[in-house]
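Colleague:
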Amino acid sequence: MRSLLVIELHTTSEKAAGGEARPNPMTHKETPVYILKSNGYQMRRAEDAEQAEKHLSDVDAVILHMPLDAVKVWGPRITKLRGLPILWWCSAEAAALSAEYCESDIPIDGLLGPSMGEWELHWALHLAEKQRMERQQWKLERKQLEARLEERKWIDMAKGILCKIKNISEAEAYEVLRKQAMNERKRMVDVAANIVKVHQLLQDMK
1 MRSLLVIELH TTSEKAAGGE ARPNPMTHKE TPVYILKSNG YQMRRAEDAE QAEKHLSDVD
61 AVILHMPLDA VKVWGPRITK LRGLPILWWC SAEAAALSAE YCESDIPIDG LLGPSMGEWE
121 LHWALHLAEK QRMERQQWKL ERKQLEARLE ERKWIDMAKG ILCKIKNISE AEAYEVLRKQ
181 AMNERKRMVD VAANIVKVHQ LLQDMK
């Protein structure tokens, strides 16, 4: 992981969160682009969405240098465009402007800071990639679970309708659905959904 994109948002506010004075502006040598470039990384920089989108296909990770409330907006936006590790650059300014941020669901995979050395940066980025992969796997498993629950809902509803109409048990209703799905070469959930929708349509016509 050698090519990085830093997205920096600057605020014109004179006060940090909580009314405290903002830290002094960073010098050039304190910026994330300078620090990361000095440690051997190929750097891209963006200040808006248009610039960021141009660079996303060429980088291995994204560094967000901004208050955490802005991170919450940018994280999902980047993930939607490309699955990359997302890290927050915790400078004194960004931390001060995030002092009152209290939400726990922050869409980042890791944390970087100006005091980190070469190997600290290396391992932070390495672990962020691992965290990104785990986050993607968790999202996939959640999506699959939600799909199974949705399928189970349609099947249970269809079984209930069949039990009532045919005066049969749930086991028998399940077998009816299974055989119908085999005969029509369809998924059982599709057969169940059709039964439920037709039944609801007939009920609405009464």
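Read in order, the letters of the sequence shown correspond to residues 1 to 206 in full-length UniProt numbering.
We put the CB at the ideal spot given by N, CA and C, even for glycine.
It should be emphasised that the depicted structure is a prediction, and the values quoted were computed from it without experimental measurement.
#1: Can you give the Cα-Cα distance for Q51 and L5, rounded to whole angstroms?
#2: Among residues of its own chain, excluding the 5 on either side of P32, which ones have a beta-carbon nearer than 8 angstroms to its beta-carbon?
#3: Would you be able to state if there are at least three C-beta pairs under 8 angstroms between the stretch 184-198 and the stretch 149-158?
#4: Could you compute how far the alpha carbon of R148 sits from the alpha carbon of D69?
#5: Only counting the same chain, and skipping five residues up and downstream in sequence, which positions put a Cβ closer than 8 angstroms to that of A49?
#6: Using alpha carbons as the reference points, say which of N167, V71, W123 and H122 lies closest to D105.
#7: Please list the terminal residues of the continuous beta strand (DSSP E) segment that includes H28.
#8: Among all the DSSP beta bridges, which residues are the ones paired with H65?
#9: With a Cβ-Cβ cutoff of 7 angstroms, do L84 and G110 count as a contact?
#10: Taking DSSP as the reference, what is the three-state secondary structure of R152?
#11: Measure the beta-carbon distance from Y174 to K159 and round it to whole angstroms, keeping in mind my assumption that it falls under 8 angstroms.
Modeller: In brief:
#1: 10 angstroms
#2: V6, E8, I63, H65, W89, S91, L112 and P114
#3: yes
#4: 34 angstroms
#5: R77
#6: V71
#7: Where H28 is concerned, there is no enclosing beta strand (DSSP E), given that its DSSP letter is neither H nor E.
#8: E8
#9: For the pair L84 and G110, the CB atoms are not nearer than the 7 angstroms cut-off.
#10: helix
#11: 6 angstroms
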